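Just so it is clear: in the sequence shown, position 266 is 252 by our numbering, and no numbers are missing.
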Amino acid sequence: MTTIIDVNNIYKKFGRPKSRQWWQKFGKNSANGNGAKPDESLSAPVIALDNINFQVQAGEIFGVLGPNGSGKSTLIRLMATLLLADGGSIKVDGLDPAEDTLKVQELINRVSVEASFFKKLSPMENLMFGARLYGLNGSEVRKRVVEILTRLGLEKRNIYNPMEEMSRGMQQKVAIARALLSRPKILLLDEPTTGLDPVSKREVQAVVQELKEKDGTTILLTTHDMMEAEKLCDRVAIIHKGKLIALDTPEALKQMAPRMNGHLPSLEDVFIHLTGDKLKEEQKDDPDAAQAIAKALTEALGQKKAEAQPVAELD
Ligand SMILES: Nc1ncnc2c1ncn2[C@@H]1O[C@H](COP(=O)(O)OP(=O)(O)OP(=O)(O)O)[C@@H](O)[C@H]1O
Ligand SMILES: [Mg+2]
């Protein structure tokens, strides 16, 4: 077994103050001339990764599980040369992403949920553009684009329609196809199946499995789908609040939670047991923000009333 990604004591902190939301400009926490100090927590640094160590072996599918905000995407962005660490080191096939940036970029490709495209152009045009950046061109590549996209379950007619007419799930498949065009040695997939319907999910999972088996691609993927982790991954790391709390094969991880009525727990049971958190779907509503808005509005309305100003001025 050869180590292809070596994560050594990696530490990443985000220290920039958070930008203040409009509702935070009202009320007690504002420094709006009434002498009140801003809330200290607004500028508190976030430790996204707290001295994490692990190695990914060449040719394996390595899963990273963790609750929202646990540091998964940060980890991937560090490997993908998009961020610099504050401590420790990462080696990708023996190279340092911070120093050998171009060489690392040739080895890896990353797919994230927020992939960007030329929305007016079709998947074919976007992928041909992407291919050219890797020095690929010609009818062979066009054939390969069609092959990969249809393999991922995209209908042929969509290949030539503008991206803006496609659903998010379809766009996600195009993002995955783009990452596969250059046949990378290492593929970093940040939530590759989030938002996909069950059939699409299976299509993407089958392609991931095939990449490992046929091409020997090393794949590091993050997911919130425990079944996916169990089905695809040779080993799974669980991170929580920037710390690595478990790393093993799905089978071995399942021994870590207590048995229920004599049955082996699922990976989800293990996850919940270890993190103490409930796994959530992508949270669309932010209850904290909603509460803060309600509070700020109440306070602002009180102020405005006292100043006998019309409420409409709040806009
Ligand atoms: N650019 C940034 N600036 C400031 N803080 C950041 C930045 N990127 C990430 N963070 C913070 O770092 C922590 C880890 O974020 P990260 O995106 O890595 O989590 P995640 O595990 O990918 O979460 P999710 O499951 O929601 O995608 C969070 O607290 C997040 O707010
Ligand atoms: Mg993420």
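We put the CB at the ideal spot given by N, CA and C, even for glycine. Quick caveat, the model's predicted, so the values are computed rather than measured.
Distance cut-off 6 Å: residue i Cβ against heavy atoms of ligand 1
i: F257; result: no
i: S98; result: no
i: F0; result: yes
i: N54; result: yes
i: A223; result: no
i: V32; result: yes
Residue i: CB within 6 Å of a non-hydrogen atom of ligand 2
i: S59; result: yes
Member of the options whose CA lies at the smallest distance from the CA of residue i
i: T(-11); options: K129, K77, K217; result: K77
i: K240; options: M212, H226, K229; result: M212
i: L138; options: K105, G181, L182, E189; result: E189
i: V32; options: A165, I172, G1, F40; result: G1
i: N144; options: M110, V127, H226; result: M110
i: A163; options: G181, R128, V185; result: R128
i: L64; options: E85, E46, G45; result: E85
i: T208; options: L174, L69, N(-6), H226; result: L174
i: K227; options: G202, V(-7), I38; result: I38
i: L197; options: P184, A215, S75, K171; result: K171
i: D79; options: D72, V90, G73, L69; result: V90
i: E46; options: E199, N123, I134; result: E199
i: T179; options: Q158, A165, L167, R169; result: Q158
i: E326; options: G116, N123, L166; result: Past the boundaries of the shown model lies residue 326; the chain is included only from -13 to 301, so the question cannot be answered.
i: A34; options: A71, T67, Q41; result: A71
i: F40; options: T204, V(-7), N247; result: V(-7)
i: V160; options: S75, V97, E216; result: V97
i: A215; options: E177, M242, P83; result: E177
i: R154; options: E141, V131, R169, G181; result: G181
i: V131; options: G121, E141, G262, M114; result: M114
i: D201; options: E92, A44, A243, L253; result: A44
i: T204; options: T60, K(-2), N95; result: N95
Segment limits, beta strand (DSSP E) that includes residue i
i: K105; result: Element bounds for K105: n/a, residue is neither H nor E.
i: G228; result: From DSSP, G228 is part of no beta strand (DSSP E); its letter is neither H nor E.
i: L302; result: One cannot answer for residue 302 here, as it falls past the ends of the chain, which runs -13 to 301.
i: D317; result: Only positions -13 to 301 of the chain appear in this structure, which leaves residue 317 out of reach.
Beta-ladder partner(s) of residue i, from DSSP
i: I172; result: I94, T204
i: R221; result: F48
i: T(-11); result: Q43
i: K58; result: Per DSSP, none; premise fails for K58.
i: F0; result: V32
i: N(-6); result: S75
i: H249; result: M246
Span of the alpha helix (DSSP H) around residue i
i: G73; result: It is not in any alpha helix (DSSP H) - G73 instead sits in the beta strand (DSSP E) that spans 73 to 78.
i: G49; result: Per DSSP, G49 belongs to no alpha helix (DSSP H); it is in the beta strand (DSSP E), 47 to 51.
i: Q241; result: Here Q241 belongs to no alpha helix (DSSP H), and DSSP marks it neither H nor E.
i: K142; result: Neither: K142 is in no alpha helix (DSSP H) and is coded neither H nor E.
i: V256; result: 253 to 261
i: E189; result: 184 to 196
i: G124; result: Where G124 is concerned, there is no enclosing alpha helix (DSSP H), given that its DSSP letter is neither H nor E.
i: V160; result: 154 to 167
beta-carbon residue i near ligand 4 non-hydrogen atom, thresh 6 Å
i: R137; result: Among the ligands present in this structure, namely ligand 1 and ligand 2, ligand 4 is not found.
Interface flag, residue i vs chain C, CB-CB below 7 Å
i: V131; result: Looking for chain C here will not work: only one protein chain is present.
Could you say if the segment 221 to 228 and the segment 42 to 51 meet the contact criterion of at least three C-beta pairs nearer than 8 Å? Touching, yes.
Measuring CB atoms only, is the segment 149 to 162 touching the segment 100 to 108, in the sense that at least three cross pairs come out at less than 8 Å? The segment 149 to 162 makes contact with the segment 100 to 108; the number of CB pairs closer than 8 Å reaches 3 or more.
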